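These notes concern the structure reproduced below.
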Amino acid sequence: MFKLIVAQVDKTLFEGEIAQVTCPGEMGDLTVLAHHSPLVTPLRPGELKIVDNAGIETYIKVTGGILEVGSNQATILL
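Using this note's numbering, read the sequence shown as starting at 67 and increasing by one per residue.
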């Protein structure tokens, strides 16, 4: 379990504890799990797949952005 924040300049689209998030990375999709190595990478247009601890999936369309992972937290800025 780790914290995920998905935000735009003017609002937060998602904030909560999750099991995993799959993002459209520039070189292909990448999945982040708890205790992932630190990472900063650009995102391409696509869809975020967020899976909570009960296995419920939430999808958010993105047109690009930046993913930052560190200290058992992921932040996605759109």
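All C-beta atoms, glycine included, are put in the ideal place defined by N, C-alpha and C. A quick note: this is a predicted structure, and the numbers were derived from the prediction, not measured.
Can you give the Cα-Cα distance for residue i and residue j, rounded to whole angstroms?
{"i": "Val107", "j": "Leu133", "result": "Note that residue 107 is Thr in the sequence shown, not Val. Their backbone Cα atoms lie some 5 Å apart in a straight line."}
{"i": "Phe80", "j": "Cys89", "result": "14 Å"}
{"i": "Ile84", "j": "Lys69", "result": "6 Å"}
{"i": "Asp76", "j": "Leu143", "result": "11 Å"}
{"i": "Ile122", "j": "Glu92", "result": "26 Å"}
{"i": "Gln139", "j": "Gly131", "result": "17 Å"}
{"i": "Ala73", "j": "Lys127", "result": "12 Å"}
{"i": "Ser103", "j": "Val87", "result": "14 Å"}
{"i": "Asp118", "j": "Leu109", "result": "21 Å"}
For residue i and residue j, which I take to be in contact (beta-carbon distance under 8 Å), what is that distance rounded to the nearest angstrom?
{"i": "Ala100", "j": "Met67", "result": "6 Å"}
So, using beta-carbon positions, are residue i and residue j closer together than 7 Å?
{"i": "Pro111", "j": "Thr97", "result": "no"}
{"i": "Val135", "j": "Leu105", "result": "yes"}
{"i": "Thr124", "j": "Ile71", "result": "no"}
Practice prompt. Would you list, in sequence order, the uninterrupted beta strand (DSSP E) runs of no fewer than 3 residues that lie entirely inside the segment 73-117?
Written response: Secondary structure remark: continuous beta strand (DSSP E) runs of at least 3 residues inside the segment 73-117, in chain order: 78-84, 86-91, 94-99, 105-109 and 112-117.
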